[in-house]
Amino acid sequence: MRAVCSSRSVNSQILALCMVLSAGALAQSRGGKSNSQPNQPNVQFQARDPGPRGGAASAGGPLSGLSTDEQNFFNEARAVFGEVDSVSGGVAGEEGSGLGPTFNANSCAACHAQPAMGGSSPHPRLGQVRVVNPQTTFGALDRKPGKTQPTPSFITADGPVREARFIKNPDGTNDGGVHGLFTIAGRVDAPAGCTLAQPDFATQLKNNNVIFRIPTPTFGLGLVENTTDETLRANLAATASDRARFGIGGVFNTTGNDGTITRFGWKAQNKSLVVFAGEAYNVEQGVSNEVFNNERSASAACFANPTPEDHSHLYNEAGGLTGTVTEMSGDAVSFANFMRMLAPPAATTDSRSEHNGKRLFTAIGCALCHSATLTTNPSIFNGQSGVTYHPYSDFALHHMGQNLADFVGQGGAGADQFRTAPLWGVGQRIFFLHDGRSTPDNGGLIDAINQHFSHNSRCGSNQTFTSDGVACDSEANTTVKNFKNLDEDDQQDILNFLRSL
Amino acid sequence: MLATRPGSGLALLVLLAAAGPLSARELCQAGAGLQREIDQALAAAPQSASFEERVAPLRELREKHQGDLFVHLVYQDLFFEQGIEGHLKELMEEYLRLQVQHEGDPFYLYLSGRTFEGRGTRRAIAILQQALALDPGFAPAWRTLAEIYGSTAFRDRGKEAEARRRFLAACPGSAIARRPLPPPPHSTFFDRLRESRLSPPEEEALVAQVQAALLQDEWRALRIRLFDFYPPAEQQRVLHDLQAEYWRAWSVLVRHYRRTGEKDKADELLADMENRLVRLGGSRRAPTFSLAARTVLGLYAEAHQPESLRAALARLRQSLNERPDAKRAAELARVQAAFASAEGGAARHSP
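The listed protein sequences correspond, in order, to chains W and C. So that you can map any letter, position 313 of the first sequence is 327 in my numbering, and since no number is skipped, the others follow by simple counting. So that you can map any letter, position 243 of the second sequence is 387 in my numbering, and since no number is skipped, the others follow by simple counting.
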């Protein structure tokens, strides 16, 4: 706080906040640093990401307050989320069916793993779930001899789980779609005539035509789904004048069908958890379903199953006409039900450093987008009506500029627009930003914060957007400058606070 | 009416101009010359050829004889017998396009309806009845209805008899196909293995034999899933049998590797089996859980690896603790009881 309010700080916009906070924050910002040594000169100290928080997973269980029946419902849906798919369900240990023709993974839980089922990319040496990136195994899993497929170069054992999208089609038109990392050709259960090859990622990488996305954690999403548009709009409107002072815009992505807010996915492109689940099932695992009904590949010789491969069941597994919701529903619906009842991550914000970081987080402008609190609508589930929760997101889209732009449009989200990533659970995450570029190897959270800054020097003095719709300056620029103007201790407090979420 | 292939209006005229009228004989069975051409087209590609390679000569023949019923039927039957879902769907779409192009022509209505036979059989029946409404004497439609009503899943003896009568009145002495076509045979490899009837060359090529057996049964399961002639219970059973076969196949390979001194390969495969077993513990669709547990634990027991056995059991218990499931817990308790002595160090159980 001292630095950001010093004469070096040319940012008059935060002057008012400095004045309000100076007394309290200055008094407390020196205490409770987990990384600084007392009674020692601090000249060498540099703020750094403490890394993923240890201890038990902060999430993965059901919402508190659910009835016993609802908890059983959650447990059944969670089992479906963990199922592994093969092409037709024949391979032992892979009883789900519909995998491929192209796929990035064979199970939701393979990628939504850390710190518990429903989360994000795991890491072999960090976090609660220590396993290698599962995508490094799919090229060899269940393959006939000599029919393994290479793992693309951007997938590594200790790197993030990724999907790949191509920006342009060969004819220069916009693509933006996901191109599966693997195909079923050569698997033991693939149809004999299926010879579908993997995309030529090496050439696409050479042509700078590939962007990546990592799995978004799904904890607490039922609360988000059950928040009204009015609540979200009111929350955004409440900070309008402050945001304007910080150069922050913010709009909601909406569906062209009914005009309501879409809120799930990196660009808030999906309306509901069923849509979110249905899209992922088709795109990531190649399983056509009742929401996304058609196979994505054009290779008829690789279509093994009638469509949709995942669907509601007329008969239960014993052949009867009745069963539990999960028995009779398609998997995509069960995935949505699992996410809907999945509790939000439990924050552990406790130390003086973390509390100071929390105050600074607001003071320097982070909370203008990563807004802390929302409240749910009346709910069909026990104990979930009028729940106040803390996602640290406004669920709106913001222009992040050239640095983060992926040039993929989704719904109303343009080339450089992203939904404010919810920060709940960030304390136990390994990889950050939409493409997982911020990793334990390059600074983690520090890098993620820095990556929010973007200035396009080729823009003219009065220019705000380039011809492809990318903002000349990121909406986060002022806030990132404020962060960098904090002294290292205060930066550390913010990092400690984030790791307590 | 059977002397010519009836139809309506312009479509009929166009078709007749293109192909000429079909005689009753041509609607009942292929002429000798055409049959020779069909046989040649069917034999043009070797048995090992891909589906596309096998269908290409028939596609050419169909171009040459566009208005001949039996060329279309043989072409369709190749899809039914050897195609997978993607091919079958393409076939449906192709004949739907032809039906639209030849609107009101019972010949193309019939061919389109036939592509749904066994895939959406109720829809096939409806389309065939539309064709018969246009031409009540259209013999091929009666024949296909007789096939359908004679099948297990859609059996209706009265309707089958009526359809058969109407068809045979037009085509005396002609045969009615048996539907559905029998699926590929179930592999007898594992049965023979249990009876120790593997021949020396088979023992030599055990890995390839196991793989071939699994592929054969994958194909069988796939075929059965594609057709609604097979009731859901049978589809489930075949899938379950296939899943069980994988556990047997892997146990055969583990023992084979142990026998041939390839311990690393045996250990690697067994570790993979154990991982799959642990995943099964948390899956709602795992009818093979008991078999899988007995297989994995049995392989540890017979190799005198009580520590590995105990570790596998501990992982299964942990998995069940994380995802409670009373049925699965009971199954595990029974399996654990069977291996109680082996867990303590002695290998007495070999499933």
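Note that CB positions come from ideal geometry on N, CA and C, so glycine has one too.
Query, Result
"Interface partners of Q380/C on chain W, CB under 8 Å", "E331, G333"
"Within chain W, partners of P468/C - CB distance below 8 Å", "N89"
"Interface partners of R428/C on chain W, CB under 8 Å", "E90, A93, V94, E97, T340, E341"
"Pairwise C-alpha distance: A130/W and S48/W", "Any reading at S48/W must be qualified, since the residue scores a pLDDT of 45, below 50, and its modelled position is unreliable; the value itself is stated next. So the two alpha carbons sit approximately 26 Å from each other."
"P229/W to F180/W span [Cα, whole Å]", "17 Å"
"The ligand COA heavy atom lying under 7 Å from the CB of C383/W", "The ligand COA is not part of the structure shown, which contains no ligands of any sort."
"Where S365/W sits in the DSSP three-state scheme", "coil"
"For Q429/C, the nearest candidate out of G65/W, E341/W, E293/W, G439/W (CA to CA)", "The sequence shown places Arg at residue 429/C, not Gln. Comparing Cα-Cα distances from R429/C to each of G65/W, E341/W, E293/W, G439/W, the minimum goes to E341/W."
"Reduced DSSP category for P201/C - H, G, I as helix; E, B as strand; rest coil", "helix"
"Distance between beta carbons of D324/W and A357/W, contact taken as under 8 Å", "No, A357/W and D324/W are not in contact; Cβ-Cβ is about 26 Å, not under 8 Å."
"Coarse secondary structure for A485/W, derived from DSSP in three states", "strand"
"C-alpha gap between G133/W and L77/W, whole angstroms", "15 Å"
"Neighbour list for N319/W in chain C, Cβ cutoff strictly below 9 Å", "I228, E229, L366, R369, L370"
"C-alpha gap between D221/C and W438/W, whole angstroms", "58 Å"
"Residue from A73/W, E109/W, G160/W, F95/W whose Cα sits closest to the Cα of C125/W", "F95/W"
"Contacts around Y254/C, its chain only, beta-carbon distance under 7 Å, and the 5 residues preceding and following it disregarded", "L272, A275, F282, P284, A285"
"Per DSSP, cross-strand counterpart(s) of A144/W", "Here residue 144/W is Arg; the residue named in the question, Ala, does not match the sequence. Its beta-bridge partners are H137/W."
"Assigned secondary structure, D83/W (DSSP; H/G/I helix, E/B strand, else coil)", "helix"
"Beta carbon proximity, F195/C to chain W, threshold 8 Å", "yes"
"Residue interval of the beta strand (DSSP E) (run including Q431/W)", "431–433"
"Per-residue burial, G110/W [other beta carbons within 10 Å of its own, 16 or more giving buried]", "buried"
"Chain-ordered chain W contacts of Y254/C [CB-CB under 7 Å]", "Chain W residues near Y254/C: none, gap ~23 Å exceeds 7 Å."
"First through last residue of the beta strand (DSSP E) which encompasses E411/W", "The amino acid at residue 411/W is misidentified as Glu; the sequence shows Leu. Element bounds for L411/W: 411–413."
"K182/W, DSSP secondary structure in three states", "strand"
"Best match in R467/C, R241/C, L289/C, A477/C for proximity to S434/C [C-alpha to C-alpha]", "A477/C"
"Closest Cα partner of P326/C within the set L337/C, A314/C, A365/C, L359/C", "A365/C"
"Neighbour-count burial assignment, S318/C, 16 or more Cβ in a 10 Å radius", "exposed"
"Reduced DSSP category for N284/W - H, G, I as helix; E, B as strand; rest coil", "strand"
"Burial state of A91/W (16 or more Cβ within 10 Å)", "buried"
"Interface partners of Y390/C on chain W, CB under 7 Å", "V105, A106"
"Sequence-distant residues of the same chain with beta carbon closer than 7 Å to V351/C, five excluded per side", "L397"
"Three-way DSSP call (helix, strand, coil) for Q210/C in this model", "coil"
"Helix, strand or coil at R227/W according to DSSP, with G and I counted as helix", "strand"
"Among T170/W, A171/W, A154/W, the one whose alpha carbon lies nearest that of Q163/W", "A154/W"
"DSSP beta-bridge partners of E177/W", "R227/W"
"Within chain C, partners of V202/W - CB distance below 8 Å", "Q355, L358, L359, E362"
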